[in-house]
Structure formats: structure tokens, C-alpha cells
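And the structure:
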């Protein structure tokens with residue numbers, strides 16, 4: 010990838026999976042340097058990481074709902090005719 014010095018506190022992306030986060034620590038294992046990313050807690054080879062520049066990106070969609078509204082929504086979905094018909098057609102656990 011790029012020849013940029015990756016250091017703790019730097020925001021990076023692992024292009025193969027799109028994983029992004031902030032470098033927590035650097036560790037050397039068998040002669041290779043790895044960086045731990047805060048969003049996954051996993052180690053990534055430093056030479057495979059790309060620095061992220063600019064505004065802080067949204068790393069995951071925040072879910073804003075309460076347990077009660079989730080329950081009410083689920084009840085609403087389950088009460089529809091299509092969903093009830095699907096439940097009625099289940100004849101067993103087997104794989105057919």
C-alpha cells in the first residue's frame with residue numbers, strides 16, 4: 010500500500026474489507042509490524058493500511074429506537090396477513 014508512517018491515534022482503513030478506525034497500538038510479530046484498530050480490536054499489517062484524511066467518517070449506523078417501539082413494530086409486522094400466512098405454511102423444522 011502506501012509508504013506512510015502509521016502511528017497510534019491515526020485514523021486508517023483496511024481496503025480489503027473497508028474496515029476503518031483509529032490505531033490503538035503498534036506491535037511487532039515475527040518481524041512484521043501490526044496495528045490494532047479500535048473498531049474491531051484486531052491486528053492488521055501496517056503495510057496493508059491506508060491513512061484516512063478529512064472529516065471523521067461515520068463508522069457504523071447508530072440505531073435510535075427504544076425497546077417498546079421495536080416491540081410495537083414487530084407486532085405490527087407479525088399481524089399482517091402475508092406474515093401470518095407464512096407462519097401458517099410452516100410444516101416442520103426439516104430442510105425439505
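Residue numbers (my numbering): 10 to 105. Every residue, glycine too, gets a C-beta built ideally from N, C-alpha and C.
The beta-carbon separation of residue 42 and residue 61, rounded to 19 Å, does not stay under the 8 Å limit for a contact. Relative to the Cα of residue 33, the nearest Cα in the group 85, 40, 46 and 24 belongs to 46. Distance check between residue 16 and each of 83, 81 and 59 places 59 closest, using alpha-carbon atoms only. Here residue 46 carries a strand assignment [DSSP, helix/strand/coil].
Setting aside the 5 residues that flank it on each side, residue 53 is surrounded in the same chain by 23, 43, 44 and 46, each with a C-beta closer than 7 Å to its C-beta; the list follows chain order. If you draw a straight line from the Cα of residue 48 to the Cα of residue 28, it is about 8 Å long.
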